[in-house]
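Position in the sequence shown (from 1) plus 383 gives the number in my numbering. The beta carbon of each residue, even a glycine, is placed where N, CA and C say it ideally should be. Okay, so here's the structure we're looking at.
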Amino acid sequence: MMVAGIGSRKGVTARDVRAAIETALEAHGLAMTALSALATGEIKREEEAIFVAGRDLALPVIVVSDDALQAASAGTLSHSDLSQAHAGTPSVSEASALAAAGKDAKLLGPRTVLGPVTCAIALGGGAA
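Spelled out as structure tokens, the structure:
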């Protein structure tokens with residue numbers, strides 16, 4: 384399972400979210416069709432743009448619990464002091480992608496930052 388984890392500032396647009404996803408996928412030579420889902424942390428549950436982007440892309444949005452986000456934080460590659468202070472993880476996008484992608488998930492690389500949105504791509508261990 385390939386998952387795009389999303390982090391953002393408040394008040395982003397669905398266009399911002401989609402652009403960050405596209406940029407992250409392009410960085411890894413992947414098409415949008417490679418994704419199984421989007422993911423974000425509980426702290427972003429009210430960020431409507433993430434859910435609108437999911438609907439626009441016909442992808443489910445997995446909201447990762449705070450506990451699962453923190454458990455996945457050990458596998459992150461990036462560190463944001465702001466994210467650590469507000470969400471309890473060094474990277475909401477990376478930790479949510481890892482947690483949602485499942486057992487033995489790995490990040491394809493560090494998160495992509497595009498304006499107010501971050502996006503990280505993780506591949507679950509069960510995928511071929």
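Checklist line | With 16 other Cβ atoms within 10 Å as the buried cut-off, status of A393 | finding: Sequence inspection shows Lys at residue 393; the Ala mentioned does not correspond to that position. Only exposed fits K393, as fewer than 16 other CB atoms lie within 10 angstroms of its CB.
Next item on the list: Take A402 and list the residues in its own chain whose beta-carbon comes closer than 7 Å to its own, dropping the five residues that flank it on each side.
Entry: Once the five neighbours on either side are set aside, the close Cβ partners of A402 are L497.
Notebook entry, point to check: Rounded to a whole number of angstroms, what is the C-alpha to C-alpha distance between A387 and S476?
Noted result: Approximately 8 Å, taken between the alpha carbons.
Next item on the list: Tell whether a beta-carbon distance below 8 Å holds between S391 and V500.
Entry: Yes, the Cβ-Cβ distance between S391 and V500 is below 8 Å.
Checklist line | Bridge-paired residues (DSSP) for M385 | finding: Answer is L506.
Item checked: Backbone secondary structure at T357 - three-state DSSP -> Coverage of the chain is limited to positions 384 through 511, which leaves residue 357 absent and any answer about it impossible.
Check: Three or more beta-carbon pairs under 8 Å between the stretch 460-475 and the stretch 437-444, yes or no?
Finding: Counting Cβ pairs under 8 Å, fewer than three are found: no touch.
Next item on the list: Please classify S419: does DSSP put it in a helix, a strand, or coil?
Entry: S419: coil per DSSP, three-state reduction.
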